[in-house]
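S.K.: Under our numbering, think of the first position of the sequence shown as 590, with each following residue one higher.
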Amino acid sequence: MALLVGLWVAGVGTAMAATPLQVAYAGSMGAVMDLHLGPAFAKAHHVTYQGEGQGAYGLAHLIAAGKLRTDVFISITPGPIRVLEKAGMVSKAIPVASTAMVIAYSPKSRYAQDFAAAAAGKTAWYTVLEKPGIQFGRTDPQTDPQGQNIIFTFLLAQKYYHQPDLAQRILGPVENHRQIFTEASLLARLKSGQMDASSGYESAVKSLHLPFIPLPEEINLSDPAMAKGWYDTVHFTMQVDGKAQTLHTQPLVFYAAVPKDAPHPKLGEAFIRFMTGKVGQAMFKETGYNPPKGGDLS
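(1) Would DSSP call ALA706 helix, strand or coil?
(2) In terms of residues, what are the limits of the beta strand (DSSP E) holding ILE769?
(3) Please name the residue or residues paired with ARG758 in a DSSP beta bridge.
(4) Mapping the DSSP letters down to three states, classify ILE861 as helix, strand or coil.
(5) Once the 5 residues before and after GLN643 are set aside, which same chain residues still bring their CB inside 6 angstroms of it?
(6) How far does the alpha helix (DSSP H) with GLU719 in it extend, from its first residue to its last?
(7) Can you confirm whether the segment 791–806 touches the segment 614–628 when touching is taken to mean that 3 or more C-beta pairs between the two stretches lie within less than 8 angstroms?
(8) When DSSP labels each residue in this structure, what does GLN735 get in the three-state scheme?
(9) What does DSSP give as the partner residues of ILE652 in its beta bridges?
(10) Leaving out the 5 sequence neighbours to the left and right, which residues in its chain are closer than 8 angstroms to ASP885 when beta-carbon positions are compared?
(11) So for MET678, helix, strand or coil by DSSP?
(12) Select from PRO696, ALA706, PHE741, ALA653 the residue whose C-alpha is nearest the C-alpha of TRP819.
(13) Please report the straight-line C-alpha distance between THR732 and PRO854, rounded to a whole angstrom.
(14) Contact defined as beta carbons within less than 8 angstroms: I believe LEU856 pairs with ASP729. What is the distance between those atoms, to the nearest angstrom?
(15) Flag this pair as yes or no: are the beta carbons of GLY627 and GLY640 separated by less than 8 angstroms?
(16) What residue range does the beta strand (DSSP E) around GLY883 cover?
(17) Just to confirm, are ALA746 and TYR700 a CB contact at a threshold of 8 angstroms?
(18) Check PRO667 in the structure and name its three-state DSSP category.
(19) Below 8 angstroms between beta carbons: does that hold for LYS867 and PRO813?
(20) Going by DSSP in three states, THR826 sits in which element: helix, strand or coil?
(21) If you draw a straight line from the C-alpha of ASP754 to the C-alpha of PHE843, how long is it?
(22) Any idea what DSSP makes of ARG778, helix, strand or coil?
(23) Within the same chain, show all residues whose beta-carbon is closer than 6 angstroms to that of LYS656, passing over the 5 residues directly before and after it, in chain order.
(24) Excluding the 5 residues flanking PRO609 on each side, which residues of the same chain have their C-beta closer than 6 angstroms to its C-beta?
(25) Measuring alpha carbon to alpha carbon, tell me which residue in ALA846, SER664, GLU674 is nearest THR688.
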C-alpha cells in the first residue's frame, strides 16, 4: 500500500511538473521572459514554462484566428490587445511594465565614437544617422508595434527639433525593406556588428547590455500624460490588408491578458499576479524596465 501511495504521489508530482505555462509575448521581452520571469514562476509553481516571442500584432492576429493558444499574451502598447478585444478573446488587460524608445548602436560600428558623443549630449543624434553608409535597422510596422513606434518617434523628432523631412531622410518609406528585420534578430544583428544602429526599446537594449542614445520624453513615447495634445499630433498611413489605414501613437506600456481560449487560464492569471507582484517587478527593474503606467484596459 505504501508503495502504491508513493507511486501515486510521484505520478501526481510528475503531472504537475509537466503542466506547461504558455506565454506569447512581444519579441523585445525575450531576455526578461525566458531568463527571469518564466523560469522563476515555473520553479515556484512546479510547472514548465514555454515562451514564444514575436511581433505583438502578429501574435494577436494568430490568437484571434485560433491559430495560437496561449495562457498569457503580453503586448507592448494597447493596440494588439484591442485586436483581441475586437475578436472577443480578451475582456481585460493589466499593465505590467513600461519602457521608452531609444536609438541603440553597435560598439563595433565605425561611427561608434560619434554615437557615444550623441549619447553624452555632445552632438545631435540624428546627424550621426545621416552619415554616409550608415546601416539602420527597424522592425516591420505591419506586424510589430516597435516598427510603428520608431516612425512615430521620428515624426515627433521632426517637430521637436524643427527638422522637416527627418523621417524621410533617415527611414525612407514606411516599409523600407532594406531596414526591416524581425524583432528577434534586430538587436542580435546590432550586437554582432552587422548594422550600425537600430530602433530599440530601452528595456530590451539594457537587457542585452548594448549602448544606446536616450531620447527626450517628448519623442520617446514613454509618458502617457503626453499622449493627448503632443504624441497624438503625429500619424502616418500604410496599407493594412490591402486598405489604407491611418495609425496613431500609443504610450509604451506592456499589457498582459489571459485569452478566453487559454489552455490553463488560472495558471495564466497566477502568472500575471506574479509579474505585478514584488518579485516580478524587481525582475523587470533589474532587466531595464520601468514600472507600469496607466490603468487596466477593459
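All C-beta atoms, glycine included, are put in the ideal place defined by N, C-alpha and C. The structure presented is a predicted model; accordingly, all values stated were derived computationally and were not measured.
M.R.: Inspection of the coordinates gives the following:
(1) For this step, residue 706 is matched to residue 117 along the sequence shown. Helix.
(2) Here residue 769 is taken as the residue at index 180 of the sequence shown, counted from 1. Where ILE769 is concerned, there is no enclosing beta strand (DSSP E), given that its DSSP letter is neither H nor E.
(3) On the sequence shown, position 169 is the one that residue 758 refers to. The partner list for ARG758 (beta bridge, DSSP) is empty, contrary to what the question assumes.
(4) On the sequence shown, position 272 is the one that residue 861 refers to. Three-state DSSP puts ILE861 in a helix.
(5) Against the sequence shown, residue 643 aligns to sequence position 54. Residues of the same chain with a CB within less than 6 angstroms of the CB of GLN643, apart from the 5 flanking positions on each side, are GLY616 in chain order.
(6) In the sequence shown, residue 719 corresponds to position 130, counting from 1. Neither: GLU719 is in no alpha helix (DSSP H) and is coded neither H nor E.
(7) yes
(8) Residue mapping note: residue 735 aligns to position 146 of the sequence shown, counting from 1. Helix.
(9) Reading the sequence shown from its first residue, position 63 is the one you call residue 652. Bridge partners of ILE652: none, in fact.
(10) By 1-based counting over the sequence shown, the position of residue 885 is 296. Correct list, in chain order: LYS681, ALA682, ILE683, PRO684.
(11) In the sequence shown, the residue the question calls residue 678 occupies position 89. MET678 falls in the coil class under three-state DSSP.
(12) In the sequence shown, the residue the question calls residue 819 occupies position 230. Selected option, being the one with the closest Cα: PHE741.
(13) Residue mapping note: residue 732 aligns to position 143 of the sequence shown, counting from 1. Residue mapping note: residue 854 aligns to position 265 of the sequence shown, counting from 1. Their backbone Cα atoms lie some 26 angstroms apart in a straight line.
(14) The residue labelled residue 856 in the question sits at position 267 within the sequence shown. The residue labelled residue 729 in the question sits at position 140 within the sequence shown. The pair is not a contact, with the Cβ atoms about 31 angstroms apart (cut-off 8 angstroms).
(15) Counting from 1 along the sequence shown, the entry for residue 627 is found at position 38. Counting from 1 along the sequence shown, the entry for residue 640 is found at position 51. Cβ distance < 8 angstroms, so GLY627 and GLY640 count as in contact.
(16) Walking along the sequence shown from the start, residue 883 turns up at place 294. Here GLY883 belongs to no beta strand (DSSP E), and DSSP marks it neither H nor E.
(17) Mapped onto the sequence shown, residue 746 falls at position 157. Mapped onto the sequence shown, residue 700 falls at position 111. Not closer than 8 angstroms, so no.
(18) Your numbering for residue 667 matches position 78 in the sequence shown. Correct three-state label for PRO667: coil.
(19) Taking the first residue of the sequence shown as position 1, residue 867 is located at position 278. Taking the first residue of the sequence shown as position 1, residue 813 is located at position 224. One thing to note: LYS867 has its Cβ no nearer than 8 angstroms to the Cβ of PRO813.
(20) Residue 826 sits at position 237 when you count from the first residue of the sequence shown. Strand at THR826.
(21) The residue you call residue 754 lines up with position 165 of the sequence shown. The residue you call residue 843 lines up with position 254 of the sequence shown. If you draw a straight line from the Cα of ASP754 to the Cα of PHE843, it is about 30 angstroms long.
(22) As a first step, residue 778 must be located in the sequence shown, where it is residue number 189. Residue state, collapsed to three classes: helix.
(23) By one-based count along the sequence shown, residue 656 stands at place 67. Nothing meets the Cβ criterion.
(24) Working through the sequence shown from its first residue, we reach residue 609 at position 20. Answer for PRO609: THR637, GLN639, listed in chain order.
(25) Within the sequence shown, the letter at position 99 stands for residue 688. Taking only the C-alpha atoms, the option nearest THR688 is SER664.
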